[in-house]
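Protein chains in written order, with the working numbering: chain A, 1 to 145; chain B, 1001 to 1145. I have placed the structure first, in the form of structure tokens, so that the comments after it can refer back to it.
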DNA sequence: CCAAACCCTCTAGTATAATGGAAGGTAACC
DNA sequence: GGTTACCTTCCATTATACTAGAGGGTTTGG
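Right, here's the structure in full:
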């Protein structure tokens, strides 16, 4: 069992923020010592690191909460949890492909404007337009009957 | 040339928010008609869609601004822009792999807890932990300097 | 013993990212 | 010419996610 300060250093999240996460239900209420100090376990550290990872990726506290629920509620109604998890996985995969799309936009930028001072670089005209190069196939190929 | 309402509908972003983006420098100041109405072009629509994509992915307004700069400043100092773009691409790739890590966490959840009511499901013990290699945690950190 | 470094709760303030509403001008249609 | 749907600016408010500070108790070490 460790105090909040140690946990704070281990997860690189301030003690204030840890208490805040507790107040909004992201972190569970920990056991208390006789002195009233919060007593954390190794699992709390992992939880906090999970939260940190997800927050860093731009998931809102509420969204992280949803992911956390999946994670903590895994002991009961596993079938439901599994379904919800698959849903979240799907959303994350969409997110990944959108990121890939933005990456592709930027890569095209660097490839088209390859270090000289050419005045035009028609990225907008054919790349960002229509969502991205990655989705241009939507226009050009049928893909679905 | 289109008015803000049309642009708003095309990009699925409220007129209020478009003006807000203008006020914080994300959207360029558009031309004005004789009536003072904002006059937008096709490119503004693309710009707005780029902003929307990036914001949806959790990039802050400032970060989106950085991406926008790359995009709009491509006409001058292409070499520098290229370097900065490569940097951003790198960051985005890191982001993608972090997302993949979270996805892996969730996939493992569904695989381990495969729909029955088994009480334990040792995801924490070997999965989320694996992300951060420093699990030499409880070896009592120094508490005083 | 006492100071420094912890910890506690509670309230308030900040930054970000919008969103709402007032007050009024403009454009389109009947 | 009136009504409705636009548009304008400016100021206020909301929601989210912390962050700071007051005021006070606890633990550790010289």
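Using N, Cα and C, we set each Cβ at its ideal position, and we do this for glycine too. Since we're looking at a predicted model, the values are computed, not measured.
List the residues that DSSP assigns as beta-bridge partners of residue i.
| i | result |
| --- | --- |
| residue 1039(B) | 1031(B) |
| residue 1002(B) | 1040(B) |
Would you say residue i reaches chain A, if we count a Cβ-Cβ gap shorter than 9 Å as a contact?
| i | result |
| --- | --- |
| residue 1070(B) | yes |
| residue 1018(B) | no |
| residue 1065(B) | no |
| residue 1007(B) | no |
| residue 991(B) | This structure gives no information on residue 991(B), because the portion of chain B shown stretches from 1001 to 1145. |
Mark residue i as exposed unless 16 or more other C-beta atoms lie within 10 angstroms of its C-beta, in which case mark it buried.
| i | result |
| --- | --- |
| residue 19(A) | exposed |
| residue 79(A) | exposed |
| residue 54(A) | buried |
| residue 10(A) | buried |
| residue 32(A) | exposed |
| residue 1008(B) | buried |
| residue 1085(B) | buried |
| residue 1006(B) | exposed |
| residue 1111(B) | exposed |
| residue 44(A) | buried |
| residue 1081(B) | buried |
| residue 1024(B) | exposed |
| residue 1046(B) | buried |
| residue 68(A) | buried |
| residue 1001(B) | exposed |
| residue 1041(B) | exposed |
Indicate whether at least one CB of chain B lies closer than 9 Å to the CB of residue i.
| i | result |
| --- | --- |
| residue 62(A) | no |
| residue 13(A) | no |
Go ahead and pull the three-state DSSP assignment for residue i.
| i | result |
| --- | --- |
| residue 50(A) | helix |
| residue 25(A) | coil |
| residue 92(A) | helix |
| residue 1014(B) | coil |
| residue 58(A) | coil |
| residue 85(A) | helix |
By the 9 Å beta-carbon criterion, what residues does the segment 23-37 of chain A contribute toward chain B?
none
Using Cβ-Cβ distances below 9 Å, what residues of the segment 1093-1108 of chain B are close to chain A?
1093, 1095, 1096, 1098, 1099, 1100, 1101, 1102, 1103, 1105, 1106, 1107
Between the segment 40-64 of chain A and chain B, which residues of the former have a C-beta closer than 9 Å to a C-beta of the latter?
42, 43, 45, 46, 47, 49, 50, 53, 54, 56, 57, 58, 59, 60
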